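Trainee:
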Amino acid sequence: MAEPRVAPMPVRNVPGGGSPSAAVMGTYARQNLVFARGQGAWLYTEADDAYLDFASGVAVNALGHAHPRLIAALTEQAGKLWHTSNLYRVAGQEALAERLVEVTFADKVFFCNSGAEACEGAIKTARRYHYVNGAPERWRVITFEGAFHGRTLATIAAGGNPKYLEGFGEPAGGFDQVPFGDIEAVHSMICPETAAIMIEPVQGEGGVRVAADEFLRDVRTMCDEHGLLLIMDEVQCGVGRTGKLFAHEWSGVTPDIMAIAKGIGGGFPVGAFLATEEAAKGMTPGTHGSTFGGNPLATAVGAAVLDAVLEPGFLDTVTLRANRLAQGLAQLKDEFPDIVVDVRGKGLLAGIKVAPPVGDVVKAVIAEKLLAVGAGENVMRVLPPLNVSDAEIGEGLARMRRAFQRLSNKS
Ligand SMILES: *Cc1c(COP(=O)(O)O)cnc(C)c1O
């Protein structure tokens with residue numbers, strides 16, 4: 020038999036095996052864990068090791084893993100139609116948009132595929148609003164220190180985190196940053212070119228920093244006084260995470276434009292930006308688009324998530340679980356003052372500011388088979404699925420206690 024002319028590819032690594040594949044671009048500092056399946060709040064490795072998932076894919080798996088209603092919505096749609104593009108009407112997209120309009124401040128919805136795209140679209144909408152109003156010079160957006168709006172060129176400029184901007188050339192223009200919560204700083208940053216103020220009601224990546232209701236109300240007032248649009252980024256804190264459908268509802272303030280993603284897809288990539296009729300008036304045919312945005316699969320799953328979150332009692336239960344979690348975390352703070360510096364957050368978007376490097380604390384809880392996520396300001400985020408049980412909250416707290424005990428003994 021002739022020698023094969025092309026040598027077979029060397030097997031570098033077994034996928035899911037001992038060490039990570041070098042074929043995947045190294046942009047993430049990943050935990051060396053591979054999961055094979057999930058069920059509710061639990062993830063299982065190939066060897067069937069069970070991990071309690073209080074990371075939820077960074078606030079994405081709102082209904083946990085393998086939720087029967089989401090599986091049904093996805094598979095039913097998968098058997099019918101996957102994609103037609105936005106050249107045509109998409110029935111599921113119209114249905115989900117109608118539903119979102121019904122339950123929010125918004126009159127219009129544009130669907131995309133991620134949080135960054137949703138934020139970009141929100142910014143474009145604000146700029147176009149002033150453009151069609153005859154004020155094209157109004158294009159600047161005031162954003163906040165500690166903000167995170169995604170990793171595209173515009174959204175890293177909006178977020179302003181030097182670590183994320185480094186090496187990518189001149190940051191995209193048009194963003195002015197002020198300290199989070201400082202209304203005077205906002206006021207003095209407003210200029211004739213300002214188009215909008217963009218804020219996360221709860222900063223997630225920034226370290227679970229909650230904007231005070233009063234601050235949000237002051238920002239709203241300032242927007243009204245200066246003809247600015249208020250953009251809220253609810254990509255992480257939205258879709259039931261704080262115990263209201265959207266976090267801004269706690270303050271009684273409504274935005275003009277809102278970006279959502281993460282939780283609305285429950286694990287399927289879905290993003291959207293929503294706007295009032297007035298704020299959306301510049302977004303006319305040809306101004307924006309997305310090939311995949313709002314396709315039948317995405318909107319079928321999005322509708323199923325929204326239905327579940329809006330079921331009577333669901334959000335009240337989120338608040339019950341959140342209260343139990345907050346109580347438990349406060350107890351851990353009392354027990355381990357050398358580990359826990361501060362406990363903060365809203366609903367099931369909880370943050371623990373820790374004394375040791377947060378990476379070490381995340382590793383310590385993972386050693387107890389509990390998943391959590393690091394954030395800015397040395398904070399560990401605790402983000403259980405919204406349908407987590409009371410017993411699972413208790414179990415998560417017990418695992419944290421064991422982890423903190425070990426860290427405490429070491430120090
Ligand atoms: C995650 C996140 C984004 C970016 O979402 P991607 O889907 O990763 O692009 C934007 N804003 C906030 C508040 C987020 O938490």
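The numbering used here applies: residue 20 is where the sequence shown begins, and numbers increase by one. Ideal Cβ positions, reconstructed from N, Cα and C, are used throughout, including at glycine. Values in this document were obtained by computation on a predicted structure and should not be read as measured data.
Would you list the residues sitting across from residue 369 in a DSSP beta bridge?
Mentor: In DSSP, residue 369 forms a bridge with 364 and 401.
Trainee: Is any non-hydrogen atom of ligand 3 found closer than 8 angstroms to the C-beta of residue 168, if you look at the structure I gave you?
Mentor: Ligands in the displayed structure: ligand 1; ligand 3 is not one of them.
Trainee: Can you tell me the Cα-Cα spacing of residue 422 and residue 383, whole angstroms?
Mentor: Approximately 5 angstroms, taken between the alpha carbons.
Trainee: Taking Cβ to Cβ, would you say residue 429 is nearer than 9 angstroms to residue 366?
Mentor: No, these two residues do not count as a Cβ contact at 9 angstroms.
Trainee: For residue 58, list the residues DSSP reports as bridge partners.
Mentor: Answer is 61.
Trainee: How would you call residue 255, buried or exposed, if buried means at least 16 neighbouring beta carbons within 10 angstroms?
Mentor: Residue 255 is buried by the Cβ-count criterion.
Trainee: Buried or exposed: residue 44, going by 16 or more other Cβ atoms within 10 Å of its Cβ?
Mentor: Classification for residue 44: exposed.
Trainee: Residue 220: buried (16+ other C-beta within 10 angstroms of its C-beta) or exposed?
Mentor: Counting Cβ neighbours within 10 Å, residue 220 comes out buried, since at least 16 surround it.
Trainee: Considering only their Cβ atoms, is the gap separating residue 340 from residue 283 smaller than 9 angstroms?
Mentor: Cβ distance not < 9 angstroms, so residue 283 and residue 340 don't count as in contact.
Trainee: Return yes when the C-beta of residue 219 is under 8 angstroms from any heavy atom of ligand 1, and no when it is not.
Mentor: It does: the Cβ of residue 219 is within 8 angstroms (strictly closer) of some heavy atom of ligand 1.
Trainee: What does the Cβ neighbour count give for residue 303, buried or exposed, with the cut at 16 atoms within 10 Å?
Mentor: That one is exposed.
Trainee: Please determine, among 266, 146 and 98, the residue with the shortest C-alpha to C-alpha distance to residue 338.
Mentor: Considering only alpha carbons, the answer is 266.
Trainee: Provide the residue(s) that pair with residue 127 in DSSP beta bridges, ordered along the chain.
Mentor: BP columns for residue 127 point to 294.
Trainee: So which of 163, 191, 182 and 224 has the shortest CA-CA distance to residue 203?
Mentor: Of the candidates 163, 191, 182 and 224, the one whose C-alpha sits nearest the C-alpha of residue 203 is 163.
Trainee: Should residue 23 go down as buried or exposed, given a rule of 16 or more other Cβ atoms within 10 Å for buried?
Mentor: In this prediction, residue 23 scores a pLDDT of 48, lower than 50, which makes its location untrustworthy; the coordinate-derived value is nonetheless stated afterwards. Under this definition residue 23 is an exposed residue.
Trainee: Quick check: the Cα distance between residue 232 and residue 269, rounded to an integer number of angstroms?
Mentor: Residue 232 and residue 269: Cα-Cα distance of roughly 7 angstroms.
Trainee: In chain order, what are the residue ranges of uninterrupted alpha helix (DSSP H) at least 4 long that sit wholly in the region 74-145?
Mentor: Whole alpha helix (DSSP H) segments, 4+ residues: 75-78, 87-97 and 110-122.
Trainee: Going along the chain, which residues of its own chain have a beta-carbon closer than 6 angstroms to the beta-carbon of residue 418, five neighbours each way excluded?
Mentor: Same-chain partners within the cutoff: 387 and 389.
Trainee: Leaving aside the five residues before and after residue 75 along the sequence, list all residues of the same chain whose C-beta is less than 6 angstroms from its C-beta, in chain order.
Mentor: Cβ within range, chain order: 402 and 404.
Trainee: Under 8 angstroms Cβ to Cβ from residue 253, same chain only, skipping five residues before and after it: list those, please.
Mentor: Closer than 8 angstroms at Cβ, skipping near neighbours: 219, 220, 265, 266, 267, 277, 278 and 279.
Trainee: Taking the straight line between their C-alpha atoms, what separation do you get for residue 391 and residue 155?
Mentor: Answer to the nearest angstrom: the Cα atoms are 44 angstroms apart.
Trainee: So, at 6 angstroms on beta carbons, what are the nonlocal neighbours of residue 124 in its own chain, with the 5 sequence-adjacent residues on each side left out?
Mentor: Contacts found: 273.
Trainee: Whose CA, out of 406, 393, 381 and 315, lies closest to the CA of residue 98?
Mentor: Checked all of 406, 393, 381 and 315; the closest Cα to residue 98 is 315.
Trainee: Is the beta carbon of residue 292 closer than 9 angstroms to that of residue 138?
Mentor: A contact, by the Cβ cut-off of 9 angstroms.
Trainee: In the structure shown, what three-state DSSP assignment does residue 423 receive?
Mentor: Reduced to three states, the DSSP call for residue 423 is helix.
Trainee: Are residue 285 and residue 323 close, meaning C-beta to C-beta below 9 angstroms?
Mentor: Taking 9 angstroms as the Cβ cut-off, residue 285 and residue 323 qualify as a contacting pair.
Trainee: Is any non-hydrogen atom of ligand 1 found closer than 8 angstroms to the C-beta of residue 310, if you look at the structure I gave you?
Mentor: Result no, Cβ not under 8 angstroms from ligand 1.
Trainee: Thinking C-alpha only, which one of 49, 50 and 73 is nearest residue 58?
Mentor: It is 73.
Trainee: Taking residue 234 as part of the alpha helix (DSSP H), name the residues at either end of that continuous run.
Mentor: Looking at the DSSP string, the run of the alpha helix (DSSP H) that includes residue 234 is 232-245.
Trainee: Would you say residue 275 touches ligand 1, meaning its beta carbon is less than 8 angstroms from a heavy atom?
Mentor: No; taking the cut-off as 8 angstroms, the Cβ of residue 275 has no heavy atom of ligand 1 nearer than that.
Trainee: Measuring CA to CA, which of 357, 407 and 192 is closest to residue 80?
Mentor: Taking only the C-alpha atoms, the option nearest residue 80 is 407.
Trainee: Within the present structure, is the beta-carbon of residue 207 separated from the nearest heavy atom of ligand 1 by less than 8 angstroms?
Mentor: Flag unset: Cβ of residue 207 not near ligand 1.
Trainee: Tell me which same chain residues have a C-beta within less than 6 angstroms of the C-beta of residue 319, skipping the five on either side of it?
Mentor: These residues qualify, in order along the chain: 92, 96 and 111.
Trainee: Quick one, which of 244, 120, 420 and 222 has its alpha-carbon nearest residue 260's?
Mentor: Comparing Cα-Cα distances from residue 260 to each of 244, 120, 420 and 222, the minimum goes to 222.
Trainee: Return the CA-CA distance between residue 468 and residue 122, expressed in angstroms with no decimal places.
Mentor: Within the shown structure, residues of the chain are numbered from 20 to 430, placing residue 468 beyond reach of any answer.
Trainee: Given the structure, does residue 138 come close to ligand 1, in the sense that its CB is under 8 angstroms from one of the ligand's heavy atoms?
Mentor: True, at least one ligand heavy atom lies under 8 angstroms from that Cβ.
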